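In full-length UniProt numbering, the protein residues as written are 1 to 358.
Ideal placement from N, C-alpha and C gives every residue a C-beta, glycine not left out.
These figures come from a predicted structure and were not determined experimentally.
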Amino acid sequence: MLNVLTWCDHEDPELLGPFEQANRVRVHFKDIDSTSAVRTILHQSQAGDWDVVIMEETAAPQLAAAGLLMPLDPADFPSDSVPAAIASPASGSYQGRLYSVPEKYGFHAVAFNQAHVSTQDMQDINAIWQPRYHGHIAIYDSYLPIMSYIALALELDPAHLTDADLPALQDKLAALRANATLVGDTASVQQALADGVVDIVVGGGAWTTAGVGEGGTVSTPTAHSDTATQRPELTFTLPRQGGIRWQHGISIIEASQRKALALAFAQYLRTPAAQARLATSSCFWGMPASTSAPLDADMKAALHWDQQPAYIAASHPFPVLDDAMDTKLHTIWDKVMKDAATPDQPGGGDNGGETAQP
Numbered sequence: 001m002l003n004v005l006t007w008c009d010h011e012d013p014e015l016l017g018p019f020e021q022a023n024r025v026r027v028h029f030k031d032i033d034s035t036s037a038v039r040t041i042l043h044q045s046q047a048g049d050w051d052v053v054i055m056e057e058t059a060a061p062q063l064a065a066a067g068l069l070m071p072l073d074p075a076d077f078p079s080d081s082v083p084a085a086i087a088s089p090a091s092g093s094y095q096g097r098l099y100s101v102p103e104k105y106g107f108h109a110v111a112f113n114q115a116h117v118s119t120q121d122m123q124d125i126n127a128i129w130q131p132r133y134h135g136h137i138a139i140y141d142s143y144l145p146i147m148s149y150i151a152l153a154l155e156l157d158p159a160h161l162t163d164a165d166l167p168a169l170q171d172k173l174a175a176l177r178a179n180a181t182l183v184g185d186t187a188s189v190q191q192a193l194a195d196g197v198v199d200i201v202v203g204g205g206a207w208t209t210a211g212v213g214e215g216g217t218v219s220t221p222t223a224h225s226d227t228a229t230q231r232p233e234l235t236f237t238l239p240r241q242g243g244i245r246w247q248h249g250i251s252i253i254e255a256s257q258r259k260a261l262a263l264a265f266a267q268y269l270r271t272p273a274a275q276a277r278l279a280t281s282s283c284f285w286g287m288p289a290s291t292s293a294p295l296d297a298d299m300k301a302a303l304h305w306d307q308q309p310a311y312i313a314a315s316h317p318f319p320v321l322d323d324a325m326d327t328k329l330h331t332i333w334d335k336v337m338k339d340a341a342t343p344d345q346p347g348g349g350d351n352g353g354e355t356a357q358p
């Protein structure tokens, strides 16, 4: 058995089946919803409990510094078909050694129903604070990407925030929360947008709209439905001020007793076929790291395939903050969400992880 800590998009039988059959092994997975959850699980585990972890790639250096990850050989992971900015080893390296390789990415920006919301309007990051959108907004319940996105609206660098920036961030978050009707996790905001409960998802991207049908159900190619065109009015964009890029990376646990099998699984996830299945997962869609993934024209259109070079250039990777600043941002988030919650207005949850899925 191969034990994997992973997001929900890695659990489809269509993805795991070919690897399990080829290697005569069962892949056992445990859902994670944050990188802090990964750290907690690994610190509490015994040697050999876990073999592979798939998480936000910028978290890899911290885990590597703690001795929790195995160094990887770049030669085992050819990157010819991966865009240079995605393939860059900088995010997944520590002290000159590679500990994580990318396999899927996407953006936290703005998703919306273009039948009700002007696409041109959404090109300005500040449009979501306009009174005309009051009650038509959902906020993705993950404090770091949303606080980072708000920083962009304030013309701040999300990776280099200071204490002097915090009052403006808190005020801007409070104003956004006042304009929103709900704060929810991946499935909640997908469904709210699909059902017309809201017209805008702050923090949304392809993961919020691509493949999403009636009731917020995410379809896959194996579902025999025209997934990419089911809801063509649901779309997303990166405003001219940019967005936040999430990027899932594959790492092997240093204490694994099945390192060869773990490496084989990591390499499998980078094959074109596996990349296509990851891109069109039943949990959420996203861009495959490899441009060789065999996706059809409709799937690529839903993912905004042709816009990726511009999106990547305009996006900021997940910021790596020191513990003090991370705690301060989380405290602001919790305070604003708690203050905003009323019996008639759903409040935000307390997502304890700095990088919730996707």
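Contacts around residue i, its chain only, beta-carbon distance under 8 Å, and the 5 residues preceding and following it disregarded
i, result
"residue 240", "123, 124, 125, 314"
"residue 339", "174"
"residue 256", "48, 50, 51, 52, 70, 262"
"residue 295", "276, 279, 280, 288, 303, 305"
Pick from the options that is closest to residue i, judged by C-alpha positions
i, options, result
"residue 136", "95, 151, 194, 250", "194"
"residue 112", "285, 232, 340", "232"
"residue 8", "30, 23, 1, 21", "30"
"residue 129", "171, 209, 114", "171"
"residue 153", "66, 202, 302, 91", "202"
"residue 43", "20, 157, 68, 325", "68"
"residue 94", "77, 72, 76", "72"
"residue 359", "38, 161, 187, 157", "No answer is possible for residue 359: the residues shown for the chain start at 1 and end at 358."
"residue 377", "303, 196, 178", "Since the first residue of the chain shown is 1 and the last is 358, residue 377 is not available in this structure."
"residue 22", "98, 96, 268", "268"
"residue 54", "40, 85, 101, 74", "101"
"residue 242", "143, 110, 335, 330", "110"
"residue 149", "132, 176, 164", "176"
"residue 99", "84, 62, 118", "62"
"residue 28", "12, 35, 332", "12"
"residue 320", "196, 35, 19", "35"
"residue 304", "131, 279, 323", "279"
"residue 117", "196, 40, 211, 334", "196"
"residue 334", "147, 131, 127", "147"
"residue 131", "85, 96, 180, 83", "180"
Anticipated Cβ contact below 8 Å, residue i with residue j, distance rounded
i, j, result
"residue 318", "residue 6", "With 8 Å as the limit, residue 318 and residue 6 do not qualify as a contact, their Cβ atoms being about 18 Å apart."
"residue 185", "residue 141", "5 Å"
"residue 235", "residue 114", "5 Å"
"residue 189", "residue 138", "5 Å"
"residue 163", "residue 156", "12 Å between Cβ atoms; not a contact."
8 Å Cβ cutoff met for residue i and residue j
i, j, result
"residue 266", "residue 253", "no"
"residue 291", "residue 81", "yes"
"residue 103", "residue 316", "no"
"residue 302", "residue 272", "no"
"residue 289", "residue 308", "no"
"residue 108", "residue 312", "no"
"residue 106", "residue 287", "yes"
"residue 330", "residue 143", "yes"
"residue 270", "residue 77", "yes"
"residue 79", "residue 90", "no"
"residue 92", "residue 65", "no"
"residue 246", "residue 20", "no"
Beta-bridge pairing of residue i - partner residues as DSSP gives them
i, result
"residue 108", "244"
"residue 131", "Paired residue(s): none; residue 131 is not in a bridge."
"residue 183", "139"
"residue 316", "244"
"residue 288", "104"
"residue 69", "253"
"residue 331", "In DSSP, residue 331 forms no bridge with anything."
"residue 200", "112, 137"
"residue 55", "249"
"residue 3", "28"
Contacting residues, own chain, Cβ-Cβ under 7 Å from residue i (five flanking each side not counted)
i, result
"residue 25", "1, 2, 261"
"residue 284", "9, 186, 207, 218, 358"
"residue 325", "161"
"residue 238", "107, 109, 311, 314, 315"
"residue 212", "190, 194, 218, 231, 234"
"residue 372", "This structure does not reach residue 372, given that the chain is present from 1 up to 358, and the question cannot be answered."
"residue 205", "106, 107, 108, 109, 111, 236"
"residue 85", "312"
Cβ neighbours of residue i in the same chain (closer than 6 Å, five flanking residues each side left out)
i, result
"residue 168", "154"
"residue 32", "5, 38"
"residue 151", "158"
"residue 332", "170"
"residue 74", "98"
"residue 145", "108, 203, 244"
"residue 345", "Caution is warranted here: a pLDDT of 43 is assigned to residue 345, below 50, making its placement in the model unreliable, and the coordinate value is therefore given only provisionally. Taken in chain order, the list of residues that qualify is empty."
"residue 96", "none"
"residue 40", "none"
Any non-hydrogen atom of the ligand GTP within 7 Å of residue i CB
i, result
"residue 16", "Of ligands this structure carries none, so the ligand GTP is not represented either."
Min CB distance residue i to chain B below 8 Å
i, result
"residue 296", "Checking the listed chains, one finds no chain B in this structure; it contains a single protein chain."
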